[in-house]
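Engineer: Structure below; questions to follow.
Residue numbers (my numbering), protein chains in the order written: chain A, 124 to 439; chain B, 10 to 333.
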């Protein structure tokens, strides 16, 4: 188990190293002077020179790369010229909104998708199964920003249950903050829930065909107990895999949804810093998103080993 | 103790029901063993699943399966759950895949004990150790927390037997229990089954396409062909004097140790008739070399050739003579 853990962590670090080099190189390859790009062609020469100095464009590439990495390790990501504050502070504040939003959306999609998938599988080839699958198709086909507008229309404008947009901040209290995140989270969750339903259904159906399910039935377990006690855990591997992928796509999904709901999160920051060419922020943001995705994959890999004992003993 | 009468198994088809097992009848007393032989598609595994009440979806059984006075075919699914694994237990062909890969052996063996005997976890654990020890798992107490992939095929089949044995069933159904195992392990598993039958007085039904397995294991045997029983009798009688041409050809087809290399293995030419084909003639007529006009007119009745030895062949007497 320890060897397994170390191997996975080594892969994690190697992936991050490669990703950072690629991100750095991509921005380095942008034609022209980054300071000029950030400030625009009308920039006064003294401001341009000051920024060039700050960015250290005159120093060798390798040195600048390692300065950046060294800064990342200690949490120093430089300063954003549009927000005039340390990039790390900026990202941390935004992360405090987007991470809860993504996790809430993930939770909602799992809580809806997995039971629905199980229900469809348990009623395989019956009208209930077909009904669920039709709704699943619809869920996948609906664009989340359109669904977001629909939710706002119903739950904010007609019913007035939730705010139509904005985020009061965590200082306003837990409930007001969560309340502002519920509609965006549902908008993000609908597609993912539909995908979860389909994946869980087919994962459960695959396991139901296994010989050990027949053994469980031969022991005298009812269909339902067989499903709960023997099928579910075996079906978790594909479900967890999708969970990892979904979390990554949820993080990307926040870029649009935060725009729709006017939420000051990471997604909006990505959008804004890109349009304002705030390269310092862009570089570190992309690195952070990559790190989050790779980290999610690491967690998924570790969960595999917890679920399936065969993976733990592979090295023996 | 177990009486099966006119067991018919049908698949509900789009236009009509297709019959896959026809009029299977047999009786089996406690402590006795029955071998069911036949090639793939002869209906032997379906018969076994019918005994367990585990026929898949659109497949139905009719007739009578009476276990110690209880009519199994009349039970609801819920009632059948309390019979399965308790009064009738089953082991399967594939020990490699028949155990849940993500649960420990101990938990899987203890499951029926908790389910049917309402044992506490601790009591079930004690009993599991005893069972694993009995089926020949060395160092049983320490194997409780082991996962199936850490055991060999033979050991996994022993675990399956321990599960089947856990609630002291009246009947144990073994569907090709040694087919997936290598020959030395096969021998050990068969010996274990034989010991358990004489020790626990349970009845054993062993299903195989391997006459070698059946021959040395069982008291009585049932030869199935195309969904029907073609011959039934004491195993030694059937082996010594087969009365149905199919059985006779099956026995001839067993390769013998020390037979000359130049000699070709015997086969039965032709193939089994398709499932559900109407029975207007003897089902074996297409592959039989003793076929006469009257064989093609009606399915043959059972002809009694000896005490409790019957064959569905109007020329049973002649078949017995020719295999002298």
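Where is the CB? At the ideal position from N, CA and C, for every residue including glycine.
1) Quick one: Cα of residue 316 of chain A to Cα of residue 153 of chain B, how far?
2) Mind pulling the chain B residues with CB within less than 9 Å of residue 430 of chain A?
3) Do residue 278 of chain A and residue 270 of chain A come within 8 Å of each other at the CB atom, strictly closer than that value?
4) Buried or exposed for residue 281 of chain A, going by 16 or more other Cβ atoms inside 10 Å?
5) To which residues of the same chain is residue 147 of chain A closer than 6 Å at the C-beta, ignoring the five residues directly before and after it?
6) What residues from chain C crowd round residue 334 of chain A, counting only those whose CB sits closer than 7 Å?
7) Please state whether DSSP places residue 95 of chain B in a helix, a strand or coil.
8) Using a Cβ-Cβ cut-off of 8 Å, state whether residue 425 of chain A counts as contacting chain B.
9) Name, please, each residue of chain B whose Cβ falls closer than 7 Å to the Cβ of residue 343 of chain A.
10) Hey, is residue 357 of chain A's beta-carbon within less than 8 Å of any beta-carbon in chain B?
11) Any chance you could list the alpha helix (DSSP H) runs of at least 4 consecutive residues sitting entirely within the region 160-222 of chain B, in chain order?
12) What are the boundary residues of the alpha helix (DSSP H) that includes residue 442 of chain A?
13) According to the Cβ coordinates, are residue 98 of chain B and residue 10 of chain B closer than 8 Å?
14) Beta-carbon separation of residue 64 of chain B and residue 70 of chain B under 8 Å?
15) In terms of residue numbering, what span does the alpha helix (DSSP H) encompassing residue 129 of chain B cover?
16) Checking contacts by CB at 8 Å: is residue 63 of chain B closer than that to chain A?
17) Between which residues of its own chain and residue 439 of chain A is the CB-CB distance below 7 Å, once the five residues before and five after are set aside?
18) Would you mind stating whether residue 408 of chain A and residue 393 of chain A have Cβ atoms separated by less than 8 Å?
19) I want to verify the contact list: residues of chain A whose CB lies under 9 Å from the CB of residue 172 of chain B, in sequence order.
20) Give the straight-line distance between the Cα atoms of residue 39 of chain B and residue 130 of chain A, rounded to the nearest whole angstrom.
21) Please classify residue 248 of chain A: is it buried, with 16 or more other beta-carbons within 10 angstroms of its beta-carbon, or exposed?
22) According to DSSP, simplified to helix, strand and coil, what is residue 315 of chain A?
23) Looking at C-alpha atoms only, which residue of A:294, A:305 and A:296 is the closest neighbour of residue 288 of chain A?
24) Under 8 Å between C-beta atoms, does residue 83 of chain B make it to chain A?
25) Starting from residue 182 of chain A, find everything on chain B with Cβ-Cβ shorter than 7 Å and list it in chain order.
26) Could you compute how far the alpha carbon of residue 365 of chain A sits from the alpha carbon of residue 91 of chain B?
27) Could you tell me the alpha carbon to alpha carbon distance between residue 232 of chain B and residue 61 of chain B, rounded to whole angstroms?
28) Take the Cβ of residue 268 of chain B as the centre, count every other Cβ of all protein chains shown within 10 Å, and call the residue buried at 16 or more, exposed below.
29) Jot down the residue ranges of each uninterrupted beta strand (DSSP E) in the region 57-84 of chain B, minimum 3 residues, whole runs only, in chain order.
30) Cβ atoms of residue 292 of chain A and residue 125 of chain B: under 8 Å apart, would you say?
31) Let's test the definition: count the other Cβ atoms within 10 Å of the Cβ of residue 14 of chain B and tell me whether it reaches 16, buried, or not, exposed.
32) Quick check: residue 196 of chain B and residue 226 of chain B, are their CB atoms within less than 8 Å of each other?
33) Based on Cα-Cα distance, which residue from A:126, A:353, A:193 and A:221 lies nearest to residue 379 of chain A?
34) Using CA atoms only, rank isn't needed, just tell me which of A:181, A:169 and A:324 is closest to residue 243 of chain A.
35) For residue 43 of chain B and residue 189 of chain B, I'd like the C-alpha separation in whole angstroms.
36) Measure the CB-CB distance between residue 441 of chain A and residue 217 of chain A and report whether it falls below 8 Å.
Structural biologist: In short, the structure shows the following:
1) Here residue 316 of chain A refers to the residue found at position 193 when the first chain is read from its first residue. Here residue 153 of chain B refers to the residue found at position 144 when the second chain is read from its first residue. Near 39 Å, if we compare the C-alpha coordinates of residue 153 of chain B and residue 316 of chain A.
2) Taking the first chain and counting its residues from 1, one reaches residue 430 of chain A at position 307. Residues of chain B with a Cβ closer than 9 Å to the Cβ of residue 430 of chain A are, in chain order, 111.
3) Against the first chain, residue 270 of chain A aligns to sequence position 147. Against the first chain, residue 278 of chain A aligns to sequence position 155. In this structure, residue 278 of chain A does not lie closer than 8 Å to residue 270 of chain A by Cβ.
4) Taking the first chain and counting its residues from 1, the one referred to as residue 281 of chain A is at position 158. With fewer than 16 other Cβ atoms within 10 Å, it is exposed.
5) Taking the first chain and counting its residues from 1, one reaches residue 147 of chain A at position 24. Excluding residues within five positions, the ones whose Cβ falls inside 6 Å are 188.
6) Structure shown: chain C not included; protein chains present are A and B.
7) Numbered from its first residue, the second chain carries residue 95 of chain B at position 86. Coil at residue 95 of chain B, not helix or strand.
8) The residue you call residue 425 of chain A lines up with position 302 of the first chain. No, residue 425 of chain A lies away from the interface with chain B (no Cβ there is under 8 Å from its Cβ).
9) If you number the first chain from 1, residue 343 of chain A lands on position 220. In chain order: 90, 91, 93, 94, 95, 121, 124 and 125.
10) Along the first chain, read from residue 1 onward, the residue named residue 357 of chain A stands at position 234. In terms of beta-carbon proximity, residue 357 of chain A lines the interface with chain B, with at least one pair separated by less than 8 Å.
11) Qualifying alpha helix (DSSP H) stretches, in chain order: 162-174 and 192-209.
12) Lying before the first or after the last residue shown, residue 442 of chain A is absent from chain A, which here runs from 124 to 439.
13) Within the second chain, the letter at position 89 stands for residue 98 of chain B. Within the second chain, the letter at position 1 stands for residue 10 of chain B. In this structure, residue 10 of chain B does not lie closer than 8 Å to residue 98 of chain B by Cβ.
14) For this step, residue 64 of chain B is matched to residue 55 along the second chain. For this step, residue 70 of chain B is matched to residue 61 along the second chain. The Cβ atoms of residue 64 of chain B and residue 70 of chain B lie closer than 8 Å to each other.
15) Looking up residue 129 of chain B in the second chain gives position 120. Residue 129 of chain B -> no alpha helix (DSSP H), and no H or E assigned at all.
16) Within the second chain, numbered from 1, the residue matching residue 63 of chain B stands at position 54. Yes, residue 63 of chain B lies at the interface with chain A (some Cβ there is under 8 Å from its Cβ).
17) To locate residue 439 of chain A, count along the first chain from 1; it is residue 316. Confidence at residue 439 of chain A is low in this model, with a pLDDT of 42, below 50, so the placement of that residue should be treated as unreliable; the coordinate-derived value is given next. In its own chain, leaving out the 5 sequence neighbours on each side, no residue places its CB closer than 7 Å to the CB of residue 439 of chain A.
18) Position 285 of the first chain holds residue 408 of chain A. Position 270 of the first chain holds residue 393 of chain A. Taking C-beta atoms as the reference points, residue 408 of chain A and residue 393 of chain A count as a pair closer than 8 Å.
19) The residue given as residue 172 of chain B occupies position 163 in the second chain. Within 9 Å Cβ-Cβ: 338, 341 and 342.
20) Taking the second chain and counting its residues from 1, one reaches residue 39 of chain B at position 30. Taking the first chain and counting its residues from 1, one reaches residue 130 of chain A at position 7. Rounded to the nearest angstrom, the two C-alpha atoms are 57 Å apart.
21) Within the first chain, numbered from 1, the residue matching residue 248 of chain A stands at position 125. The residue in question, residue 248 of chain A, is exposed, as its Cβ has fewer than 16 Cβ neighbours within 10 Å.
22) Here residue 315 of chain A refers to the residue found at position 192 when the first chain is read from its first residue. DSSP, read as helix, strand or coil, puts residue 315 of chain A in helix.
23) The sequence position of residue 288 of chain A within the first chain is 165, counting from 1. The shortest Cα separation from residue 288 of chain A among A:294, A:305 and A:296 belongs to A:305.
24) The residue you call residue 83 of chain B lines up with position 74 of the second chain. By this cut-off, residue 83 of chain B is not an interface position.
25) Within the first chain, numbered from 1, the residue matching residue 182 of chain A stands at position 59. Simply none; closest approach about 55 Å.
26) One-based indexing of the first chain puts residue 365 of chain A at position 242. One-based indexing of the second chain puts residue 91 of chain B at position 82. Distance from the CA of residue 365 of chain A to the CA of residue 91 of chain B, rounded to the nearest whole angstrom, comes to 38 Å.
27) Here residue 232 of chain B refers to the residue found at position 223 when the second chain is read from its first residue. Here residue 61 of chain B refers to the residue found at position 52 when the second chain is read from its first residue. Their Cα atoms are separated by approximately 20 Å.
28) For the purposes of this step, residue 268 of chain B is taken as residue 259 along the second chain, with counting starting at 1. Per the 10 Å Cβ criterion, exposed.
29) If we require 3 residues or more, the beta strand (DSSP E) runs fully inside the region 57-84 of chain B come out as 68-76.
30) Position 116 of the second chain, counted from the first residue, corresponds to residue 125 of chain B. Position 169 of the first chain, counted from the first residue, corresponds to residue 292 of chain A. Not closer than 8 Å, so no.
31) Along the second chain, one-based indexing puts residue 14 of chain B at 5. Around the beta-carbon of residue 14 of chain B, fewer than 16 other beta-carbon atoms lie within 10 Å, marking it exposed.
32) Taking the first residue of the second chain as position 1, residue 196 of chain B is located at position 187. Taking the first residue of the second chain as position 1, residue 226 of chain B is located at position 217. Between residue 196 of chain B and residue 226 of chain B, the CB-CB gap reaches or exceeds 8 Å.
33) Within the first chain, numbered from 1, the residue matching residue 379 of chain A stands at position 256. Comparing Cα positions, the closest option is A:221.
34) Translated into the one-based positions of the first chain, residue 243 of chain A becomes position 120. Closest in alpha carbon position to residue 243 of chain A, among A:181, A:169 and A:324, is A:324.
35) Sequence index remark: in the second chain, residue 43 of chain B carries index 34 (1-based). Sequence index remark: in the second chain, residue 189 of chain B carries index 180 (1-based). Cα-Cα distance, rounded: 21 Å.
36) Any question about residue 441 of chain A goes unanswered here, given that chain A covers just 124 to 439.
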